[in-house]
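Reviewing the structure listed below.
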Amino acid sequence: MTFGTIKRVVAILIAIVIVLAAGIIVGQAPALFGVEDDPAASIEFDDQDGDGESIVIDEVSLSDGGFIVVTDGADAPIAVSDYLGSGTHENVTVERDEDADEELVGRLTATVHQDTTDDETYAYDDTDGEEDRPYLEDGFPVSDTATVTTTDDG
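Per the UniProt record's numbering, the sequence shown starts with residue 1, numbered consecutively.
This is the structure in structure tokens:
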């Protein structure tokens, strides 16, 4: 081997090491620079008999904590849960807002919202949707719909 060939082999090996090191660093860049994965959530809201005042969410999981917001197709929420910390919660009771005219009956949608203000207070409506936005999956709010009936529904 000539000196020129050795230089080329060493240069190629150095280039390979640099590319491998860069790949490792780029792969770890989000963790190194404090960038986190997108927040994730799931919810299971089954059909149920109710009293019009509260409903039960079978299971909800939140990566960063937040709230369950219940609507009946209108813009204004009928009910908002207490703050839920990160993790999985089962049999979560959500009570009707005192200001809501509607009862918690009929076809209802429960949507999982983040606590982007980190104050454990639901602020989505007060901030025109700027804060405490819904968790998203594939670009759509994480939600589930169920029918809630009462004994009066016959």
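Ideal placement from N, C-alpha and C gives every residue a C-beta, glycine not left out. Values in this document were obtained by computation on a predicted structure and should not be read as measured data.
| Check | Outcome |
| --- | --- |
| Element boundaries [beta strand (DSSP E), containing residue 86] | Segment: none, residue 86 is in no beta strand (DSSP E) and carries neither H nor E. |
| Span of the beta strand (DSSP E) around residue 149 | 143-149 |
| contact_flag[the stretch 2-13, the stretch 76-85] where n(CB pairs < 8 angstroms) is 3 or more | no |
| Residues near residue 88 in its chain [Cβ-Cβ closer than 7 angstroms; skip 5 each side] | 59, 61 |
| Residue 145 vs residue 109 beta-carbon contact at 8 angstroms | yes |
| Beta strand (DSSP E) segment containing residue 58, residue limits | 54-62 |
| Nearest candidate by alpha-carbon position, reference residue 140, set 2, 6, 40, 3 | 40 |
| Test item: CB-CB of residue 56 and residue 92 under 8 angstroms | yes |
| Proximity to residue 117 [Cα-Cα], best of 106, 107, 130, 105 | 130 |
| Three-way DSSP call (helix, strand, coil) for residue 157 in this model | Any property of residue 157 remains undetermined from this structure, which presents the chain solely from 1 to 154. |
| Simplified DSSP state of residue 65, which is helix, strand or coil | coil |
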